[in-house]
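For the sequence shown, the positions run 1 to 904 when UniProt numbering is used.
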Amino acid sequence: MLSDVTTPQDLDDRFREALGALGGPAERRDPAEWLPDGGPLTGAQALALFDAQATSRLLDLAARWLRTFGESYYTIGSAGHEGNAAVAAALRPTDPALLHYRSGGFYCVRAAQAAGGFPAAPAEGRPAGDADPDDDPDDAEPEAPGPDGAEPADPDHQVPSSPAGPSPAADPDRPTGTPAADPSPGPDGEVDVAPDAGEPALGATPARSGETPDDPEPVPSPAAAGVAVAATGEAGPAGPALPAPDPGDGYAQAARDVLRGMVASAREPIAGGRHKVFGRADLAVIPTTSTIASHLPRAVGMGLALERLRRVGGGRRPGAAVPEAGGDAAASPWPPDAIVVCSFGDASVNHATAAAAFNTAGWYDHTGLRIPVLFVCEDNGLGISVRSPKGWVESTLRSRPGIRYFAADGTDPVEVYRVAEQAAGWVRRHRRPAVLHLTTVRLMGHAGADAESAYRSPAEISADLARDPLLATARLLVTAGYATGEELLARYDERGWQVRRIAEEVLDEPKLASPAEVVAELAPRRPVRVSRAVADAAARAAGPNAGARAEAFGGKPPELAGPLTLAQSINAALADGMLDHPGMAVFGEDVAAKGGVYGVTKGLRDRFGAARVFDTLLDETSILGLGLGAGVAGMLPVPEIQYLAYLHNAEDQLRGEAATMRFFSRGAYRNPMVVRVAGLAYQEGFGGHFHNDNSVAVLRDVPGLVIAVPARPDDAAPMLRTCLAAAAVDGTVCVFLEPIALYHTRDLYADGDGEWLGEYAEPGAWAARHVPIGRARVYGVGSAEDLTIITFGNGVRMSLRAAATLADEGIGSRVVDLRWLAPLPVADIVRESSATGRVLVVDETRRSGGVGEGVIAALVDGGYVGAARRVAGLDCFVPLGPAARQVLVSEEAITQGARTLLAR
Ligand SMILES: Cc1ncc(C[n+]2csc(CCOP(=O)(O)OP(=O)(O)O)c2C)c(N)n1
């Protein structure tokens, strides 16, 4: 009897009961045969789907069972969504996948495919009457790429006016198919393995001292039956027995992966106990975060990158090592014809990141660029307790320009497979985006603790149960003649015992037990390799690439161009980066044709082509998403955010996505990236707050993120080289924050002195002038004995000027340019401060949450015992016009601060 919520016990009982009632087919069909009536799967494939779905279901039960004694740390499951197993079956195991937390069935199929356990379709092909996934009026070869790999605009590139309509619901009463005339002999699975006599009985909880169950509901263990699993293979009179599940097969491996995730085992294959997530490098499953839909912009970026790399022939076999440094050929870890698949829930389609991703995929499609991404919306009609309004998901997904719409009843394995195959085939062939809208049900609520009865009626819950996709596959197997209900029940039980056994094994595995273990994969840095990479780049620039370099610079390399401004220096270093890293791409708003609003990327598109230097649409989330995807796909992306103020509306892509990738994949995946951001204030009041934003607090606490702020032209180029090398070598995510006000500054002390310009080092000097991450630069002014001024960005120029004034008063100072805001150059800070015993921190960001707080804390932590004082921006937004001076640090405030400090 059902209660008004679906408990694991209900679900399990009900499934068993329904299987028992299925009985057996009138005639047996060989599993090697196709489904009757032109079905797109063989019996063996349908059985494999059952195995995947059952494993996924049993994992959900296991999560809740483990939770009853406090050993599971995650109970969001896939029950009701297991139809997504057929999506995986319709894809290739080498198609990179970014999965929804309910895509458990998909994951199990992937694991089986990789283990060679998912049956291939027979070579002779499908029987007549089968729908050809290619019979598509829109089916035409993609056009040839345009010059530079930039695809031509395609006027015929229209979304069909009558996209696939809603699919009929699964038909539970579908008639039994006609058996084939001449069944070929099937594999001879003899007898199922009975559970060990010593296995615990139903629901028995391993004793764990000091733990109280936190769930009053009885929860069946995954080996729920406790009944001896009878010999299976009691085939009907006309057919062979079903092969018994192999205890070491891909489904069992998937179960182990997922269970390890639930119990936070350090042996979990992707996050090593840091998160419960679907991911495994050998399955091309890239971990996603729990922030719903935030992986979609990355998926679009991966699609764009895959296509770029395909066109330049950069495809690489999966599993091949990722090249570490510049000089490598741009390479993707996936085959050239791979497509990207990403799944998500129906409520997630409303999220800004999803909207951004759909829009970006459509926008590029509209321009004729290829983005082979299959979006899979698993629509159970609910986001926790909030309903998606009837028809909304379909209407919003259908109306996305440039994205082809496919729909299927996600509870019907045959229909899911058929439509997924069509959708994936379409994306693969056309290299264009599509969405597959699967209607699913949600069984057992949102997560373990969710009391559905608060917001759903018993009738509604019961209606979902009637559409159980696992039962649908069982029914299909029985009605088509491949199995009896009893056999499937025995099989379910056998999988249940497998899951139970593995659950108990992983319980005893080690957890992450020390801070060092936890942070080991956060952002490992190998400064020696980075400096070697810079030296190697220099050797290439001076050696084999010298000709190309001379040509790219029009015969006049930047070292011969005379002193450069900050903007010119960055421009030259970007060009050198592009020459050295074939996978490097520069993109953002206005960076290509215009060359950036401040001219920093001027000429790069002409020199390196539209495929590597391109304008994006106006959406920072998507700009970063393109970078994330390109990085994972093997490129070296250098996106530009036009103004620091506009990073804030997209920062989760940096914080939640970019910075976490290594951490949640133990380095199996990385998104090397150097995000150039124009920012900070001091533009004489021009443009107001949004062009003078001086807040970096939101970046400074992102674990592992490197923040560079070059103040001087002769620092900018080496720092940019360091960031590019660190991205290539360690997968480092860098923010390169460029002070707008210094871009074109030429003078330091007096008009025309040209002291803020800098020579660009010739390649032979790059190694010697290498600037490691986290090393400051120190300027001595006067005796340099009285005072240490610690600053960065615009503060460096103001402090040097103030120091000159102080020197005239006989006060000697050392001005420390931090250069790196994360990690802070702590050793340099402490050493230079201790040298004078008086520290003035000049912080152009805000007093609260500003960089100065970090500097003072570093001094305290480092044992500094002298005097310290801060001048910082007000806790205020920057106003327009001269009023800006009222809130920003001024040269006068610095000299005054120094005098006050010295007067103590
Ligand atoms: C950006 C964000 N906001 C809120 C949440 C909390 N949250 C987790 S799951 C969920 C509902 C998601 O619903 P849907 O996308 O339909 O997926 P479903 O769980 O139904 O499969 C919410 C609100 C989150 N994870 N991410």
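A virtual CB, placed ideally from N, CA and C, is assigned to each residue, including glycine.
Shortest Cα-Cα distance from isoleucine 641 to any of Ala633, Gly627, Gly631 involves Gly627. The alpha-carbon of valine 860 is positioned some 16 Å away from that of threonine 836. Counting along the chain, no beta strand (DSSP E) covers methionine 578; the unbroken alpha helix (DSSP H) around it starts and ends at 566-580.
The nearest non-hydrogen atom of ligand 1 is 8 Å or more from the C-beta of asparagine 671. Residues Leu680, Ala681, Asn694, Gly793, Asn794, Gly795, Gly873, Leu888, Val889 of the same chain have their beta carbon placed closer than 7 Å to that of glutamate 844, with the five preceding and five following residues left out of the count. Between leucine 61 and leucine 471, the alpha-carbon positions lie close to 16 Å from each other. Bounds of the beta strand (DSSP E) holding arginine 814 are 813-817. Between the alpha carbons of leucine 748 and arginine 712 lies a distance of about 11 Å.
For ligand 1, a non-hydrogen atom lies closer than 8 Å to the CB of arginine 102.
The straight-line gap separating the alpha-carbon atoms of leucine 840 and valine 815 is approximately 9 Å. The beta carbon of alanine 252 lies closer than 6 Å to those of Gln498 in the same chain, with the five residues before and after it left out. Just measuring C-alpha positions, the residue of Asp808, Leu22, Gly583 sitting nearest methionine 673 is Gly583. Here isoleucine 790 carries a strand assignment [DSSP, helix/strand/coil]. Within 10 angstroms of the beta-carbon of aspartate 701 lie fewer than 16 other beta-carbons, which makes it exposed. Judged by DSSP in its simplified three-state form, phenylalanine 736 adopts strand.
Glycine 547 and arginine 605 have their C-alpha atoms some 19 Å from each other. Linking valine 830 to tyrosine 864 through their CA atoms gives a straight-line distance of about 6 Å.
Per the DSSP secondary-structure output, glutamate 378 pairs in a beta bridge with Gly345, Leu438.
A straight-line Cα-Cα distance of about 22 Å links leucine 99 and arginine 429. Selection Asn350, His366, Ala357, Arg418 evaluated against serine 388 yields Asn350 as nearest (Cα-Cα). Listed in chain order, the non-local C-beta contacts of leucine 644 below 6 Å within the same chain comprise Val677, Gly679, Asp693, local neighbours out to five positions each way being set aside. When secondary structure is reduced to three states using DSSP, leucine 742 falls in the helix class.
For glycine 345, the CB falls within less than 8 Å of some heavy atom of ligand 1. Nearest C-alpha to threonine 900 among Ala352, Asp786, Gly849, Leu824: Asp786. In the DSSP annotation of this structure, the continuous segment of the alpha helix (DSSP H) that includes phenylalanine 15 starts and ends at 8-22.
With contact defined as three or more Cβ pairs closer than 8 Å, the segment 17-30 and the segment 442-454 are not in contact. In the structure shown, the three-state DSSP call for leucine 880 is coil. DSSP places phenylalanine 278 outside both helix and strand once states are collapsed to three, so it counts as coil. Secondary structure note for isoleucine 856: its alpha helix (DSSP H) is the uninterrupted segment 851-861. Beta bridge pairing from DSSP links proline 639 with Phe587. For arginine 904, the CB contacts under 7 Å within the same chain, skipping 5 residues up- and downstream, are Ala867 in chain order. CA-CA distance, valine 519 to glycine 656, rounds to 16 Å.
The beta-carbon separation of alanine 893 and valine 871, rounded to 5 Å, stays under the 8 Å limit for a contact. By the criterion of a C-beta distance shorter than 7 Å, leucine 306 is surrounded in its chain by Ser332, Trp334, Ala338, Val340, Pro372, Ala633, once the five residues flanking it on both sides are discounted. At a cut-off of 8 Å, the beta-carbon of threonine 732 does not count as near ligand 1: no heavy atom of the ligand is closer than that. In this structure, the alpha-carbon of alanine 46 lies about 60 Å from that of arginine 775.
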